[in-house]
Amino acid sequence: MQTETLFSIRTPTGQPLRIRRQSFYAHKGNPSKRVSFLAGLHGDELEGVALCHRLIRYLRGLEAGEPEAFLGEVHVYPAVNPQALGAATRLWPFFGSDMNRQLGEKNGHSLPAEASRQLQDSLQRSSDIVVDLHASNLHLKELPQIRIVEEFDRKLIPLAQHTGADLIWVHPASGIFESTFGYNLNRAKIPTLVVEAGICLRIDDALSEQMFDGMVHLLHHLGVLATQTGATAAKPPHLVHSSQVHQVQAGRAGLFLCQARLGQTVQEGDPLGTVVDPLRGEVAEAIAAPVAGLVFTLREHPLAYEGALLVRIAQPNRSQP
Amino acid sequence: MKETLLTLPTPVGDPLELVKFHWDGGKNGESLSLVSGLHGDHLNGLLVNQRLIRFLDEIAAGAHPDYQLAGRVQIFPAVNLHALASGQPTGPFDNLDMDLAFPGSLGGEATERIAAAVLAHSSDSTYGILLKSSATHYEDAPHVQCFHPDHWERKLAGHLNLSVIREIRPAATLRQQLIYQWVVADLLCYLLSAGRPGAVDSDMCDRLFSGIVAFMVKTGLVKFSGTPADPGKSEYYRAREEHTLFTAHAGWFLPEVVVGTGLKKGQRLGEVRDLFRGVTLEEILAPKDGMLITLRSYPVVYEKEPVATLLAERSGIWPF
Chain A
1 MQTETLFSIR
11 TPTGQPLRIR
21 RQSFYAHKGN
31 PSKRVSFLAG
41 LHGDELEGVA
51 LCHRLIRYLR
61 GLEAGEPEAF
71 LGEVHVYPAV
81 NPQALGAATR
91 LWPFFGSDMN
101 RQLGEKNGHS
111 LPAEASRQLQ
121 DSLQRSSDIV
131 VDLHASNLHL
141 KELPQIRIVE
151 EFDRKLIPLA
161 QHTGADLIWV
171 HPASGIFEST
181 FGYNLNRAKI
191 PTLVVEAGIC
201 LRIDDALSEQ
211 MFDGMVHLLH
221 HLGVLATQTG
231 ATAAKPPHLV
241 HSSQVHQVQA
251 GRAGLFLCQA
261 RLGQTVQEGD
271 PLGTVVDPLR
281 GEVAEAIAAP
291 VAGLVFTLRE
301 HPLAYEGALL
311 VRIAQPNRSQ
321 P
Chain B
1 MKETLLTLPT
11 PVGDPLELVK
21 FHWDGGKNGE
31 SLSLVSGLHG
41 DHLNGLLVNQ
51 RLIRFLDEIA
61 AGAHPDYQLA
71 GRVQIFPAVN
81 LHALASGQPT
91 GPFDNLDMDL
101 AFPGSLGGEA
111 TERIAAAVLA
121 HSSDSTYGIL
131 LKSSATHYED
141 APHVQCFHPD
151 HWERKLAGHL
161 NLSVIREIRP
171 AATLRQQLIY
181 QWVVADLLCY
191 LLSAGRPGAV
201 DSDMCDRLFS
211 GIVAFMVKTG
221 LVKFSGTPAD
231 PGKSEYYRAR
241 EEHTLFTAHA
251 GWFLPEVVVG
261 TGLKKGQRLG
271 EVRDLFRGVT
281 LEEILAPKDG
291 MLITLRSYPV
301 VYEKEPVATL
311 LAERSGIWPF
């Protein structure tokens with residue numbers, strides 16, 4: 001394993017601030033493929049950081065015991081927004097900047113913008129495929145899923161099938177993506193899978209394990225690793241388009257008391273929870289499943305304003321069980 | 001007249017209300033929307049709109065006989081209700097940047113609903129003016145920002161009576177901003193930036209207030225029978241004429257100039273000192289003649305951080 005620094009500056013107190021990666025190179029010859037894992041763009045999303053820890057540990061063990069297994073290159077960027085991670089905040093705290101909204105056209109001269117550009121350069125120079133790991137916000141918990149903008153679906157769906165995710169969600173483009181790493185790397189013809197899993201500020205062992213198995217499977221599938229150590233089969237995810245995704249929103253403000261489980265298959269009309277009015281001691285709204293399908297997003301934060309997203313349900317394709 | 005556009009029930013308290021103030025002179029058929037408070041700590045815009053509301057109410061009540069309303073004016077003084085209530089740039093519940101929430105959604109989350117309501121109520125206006133402060137840690141001299149302005153828009157911008165009109169390059173995030181949505185809706189629109197977040201500058205607010213009044217008079221939204229004040233001159237700066245000045249060292253930045261002043265090539269803007277020992281690490285010098293439009297206001301700086309923006313090589317003097 002080689003530790004490489006791709007961005008370094010001095011903080012006001014003189015301490016260095018570095019963005020680093022851990023690299024594993026092909027045992028000999030040219031790499032079959034070069035895959036990069038990116039985590040911690042948002043400092044409160046820890047699932048990806050934990051997954052990088054597992055990957056680095058696994059790859060170090062493999063390198064020590066079975067170095068010939070490395071036919072390709074793996075680069076792991078486990079903590080690309082170190083100050084935000086240190087403060088457990090989504091944004092780079094001193095600047096109040098979202099590091100995943102700094103790319104694209106003319107996004108200024110701030111330090112987060114410059115760090116993002118250098119990170120993008122590093123990824124583009126050293127990757128054939130990138131996996132960009134995210135968790136949800138403080139309000140929602142997500143089943144492991146790959147989110148794909150429609151214009152990139154032909155390249156990305158075949159890759160996403162081998163990630164062990166529960167779901168692949170193909171959705172239309174939106175302006176909000178144009179400044180993100182996922183969008184800009186895909187536009188630069190570096191296939192990039194954007195993973196959403198779990199909830200911010202927490203690590204779910206079961207989800208973490210599932211994602212680790214999936215990513216190791218992906219490395220085997222791509223021919224980056226040739227070993228049986230740690231290799232598992234990954235079940236194919238549900239593939240859904242936006243028309244199959246049903247959002248359930250609060251019609252009233254209050255506290256959402258949840259009855260559904262993440263990953264549950266519900267039938268139309270099944271109870272999902274209630275929104276209660278704590279001031280009056282009344283049930284303001286009973287929430288039921290509008291369609292049958294897989295609950296892949298669930299509200300964890302009970303406080304709900306009108307219009308708050310409570311549940312997302314993926315309707316299966318006819319060919320899917 | 002005050003009107004409630006949107007009532008947002010809260011989970012455990014009284015509802016929040018998004019309001020606008022509007023006046024209808026009714027004669028010339030044109031209209032102006034003024035928006036402030038997209039970020040909860042951008043206070044200059046809020047104060048300017050407060051003064052405009054008072055002024056327009058007084059005109060409507062006949063307290064300023066030289067002025068008469070002739071068009072429609074509406075003011076949205078406080079858009080990001082949660083952020084303003086908490087004194088922060090964004091609302092603490094969702095931390096969403098309101099100016100990255102447009103066009104919004106009437107059926108979406110609270111921030112999206114507010115964005116959609118503001119856009120729905122302003123997108124049929126003839127003119128739009130958005131009032132903001134600088135980015136966090138910086139101070140802006142009062143100036144007009146415009147996006148791809150044509151000759152007429154540049155000319156009209158001069159009637160805002162601010163000395164600097166600055167062309168802004170669209171960023172990738174622009175599509176989520178109110179000003180972009182106004183451009184798409186075919187409003188003739190400007191962004192006025194002045195001061196810094198979390199602070200009020202009375203002199204800057206005076207200049208913005210009188211500039212907007214002059215704009216309303218020039219566009220015929222308000223008729224004025226007195227003698228107009230000398231508008232002064234405005235200079236137009238293209239985006240390619242901007243120079244960003246960076247620190248080479250981390251430490252403590254001590255400015256020696258103020259925003260809105262013209263600088264000569266080689267002139268000192270300030271210096272960076274070691275944070276602990278106070279030793280001078282570097283001087284920040286103007287690379288060429290120009291107008292200092294943005295200056296670092298928060299003294300603690302990282303290595304390679306921008307500390308100033310200089311607008312150089314003015315391309316035209318108002319009147320064009």
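Chains as they are written, first to last, in the numbering used here: chain A, 1 to 321; chain B, 1 to 320.
From the three backbone atoms N, C-alpha and C, an ideal C-beta is built for every residue, glycine too.
- Apart from sequence neighbours up to five positions away, the residues of its chain that approach residue 101 of chain B with a beta-carbon distance below 7 Å are 111, 112, 115 and 176, ordered along the chain.
- The beta-carbon of residue 187 of chain A is placed no less than 7 Å from the nearest beta-carbon of chain B.
- The segment 299–318 of chain A makes no contact with the segment 178–192 of chain B, as fewer than three CB pairs between them are under 8 Å.
- In the DSSP annotation of this structure, the continuous segment of the beta strand (DSSP E) that includes residue 247 of chain A starts and ends at 245–249.
- Counting of Cβ neighbours within 10 angstroms places residue 196 of chain B among the buried residues, the total reaching 16 or more.
- Residue-level contact check: residue 304 of chain B touches chain A, since one or more beta carbons of chain A fall below 7 Å from its beta carbon.
- DSSP places residue 197 of chain A inside the beta strand (DSSP E), whose first and last residues are 192–198.
- Membership of residue 152 of chain B in the alpha helix (DSSP H) is indicated by the continuous run 151–157.
- Approximately 13 Å separates the beta-carbon atoms of residue 277 of chain A and residue 286 of chain A; this is outside 8 Å, ruling out the contact.
- In the displayed model, residue 301 of chain A falls within coil according to three-state DSSP, outside both helix and strand.
- For residue 207 of chain B, the CB contacts under 7 Å within the same chain, skipping 5 residues up- and downstream, are 142 and 162 in chain order.
- Taking C-beta separations shorter than 6 Å and ignoring five residues to either side along the sequence, the partners of residue 5 of chain A in its chain run 18 and 20, following chain order.
- Taking C-beta atoms as the reference points, residue 103 of chain B and residue 39 of chain B fail to come closer than 7 Å.
- Within the segment 127–203 of chain B, the beta strand (DSSP E) runs of at least 3 residues that lie entirely inside it are, in chain order, 127–132, 138–146, 164–167 and 188–195.
- DSSP places residue 284 of chain A inside the beta strand (DSSP E), whose first and last residues are 282–288.
- The straight-line gap separating the alpha-carbon atoms of residue 268 of chain A and residue 275 of chain A is approximately 19 Å.
- Going by beta carbons, residue 95 of chain A and residue 112 of chain A fall inside the 7 Å limit.
- For residue 176 of chain B, a Cβ of chain A is located within less than 7 Å of the residue's own Cβ.
- Excluding five sequence positions before and after residue 282 of chain B, the CB atoms of its chain that fall closer than 6 Å to its own CB belong to 248, 249 and 272, given in chain order.
- Beta-bridge partners assigned by DSSP to residue 101 of chain A: none are found.
- Contact check for residue 308 of chain B against residue 269 of chain B passes: the beta carbons are separated by less than 7 Å.
- Per the Cβ contact rule, the segment 233–252 of chain B is in contact with the segment 291–304 of chain B (3 or more Cβ pairs under 8 Å).
- Sequence-distant Cβ neighbours of residue 32 of chain A in its own chain, meaning closer than 8 Å and more than five residues away, are 26, 71, 72, 222, 223 and 224.
- Using a CB distance cut-off of 7 Å, residue 108 of chain B counts as an interface residue toward chain A.
- Partner residues in the beta bridge of residue 4 of chain B, as assigned by DSSP, are B:19.
- In the DSSP annotation of this structure, the continuous segment of the alpha helix (DSSP H) that includes residue 84 of chain B starts and ends at 81–86.
- Put simply, the CB of residue 140 of chain A is far from chain B, with every gap to its CB atoms at 7 Å or more.
- Where residue 48 of chain B is concerned, the enclosing alpha helix (DSSP H) starts and stops at 43–60.
- Chain order gives no chain B residues near residue 242 of chain A, where near means a beta carbon separation below 9 Å; the closest approach is about 14 Å.
- Nearest to residue 266 of chain A by alpha-carbon distance, out of A:294, A:153, A:66 and A:188, is A:294.
- Bounds of the alpha helix (DSSP H) holding residue 117 of chain A are 111–126.
- In the structure shown, the three-state DSSP call for residue 31 of chain B is strand.
- Here the C-alpha atom of residue 153 of chain A lies approximately 16 Å from the C-alpha atom of residue 181 of chain A.
- In the DSSP assignment, residue 223 of chain B falls within the beta strand (DSSP E) that extends over 222–224.
- Taking a Cβ-Cβ cut-off of 7 Å, the neighbours of residue 8 of chain B in chain A comprise 305 and 306, given in sequence order.
- Residue pairing by DSSP places residue 310 of chain B opposite B:243 and B:292 in a beta bridge.
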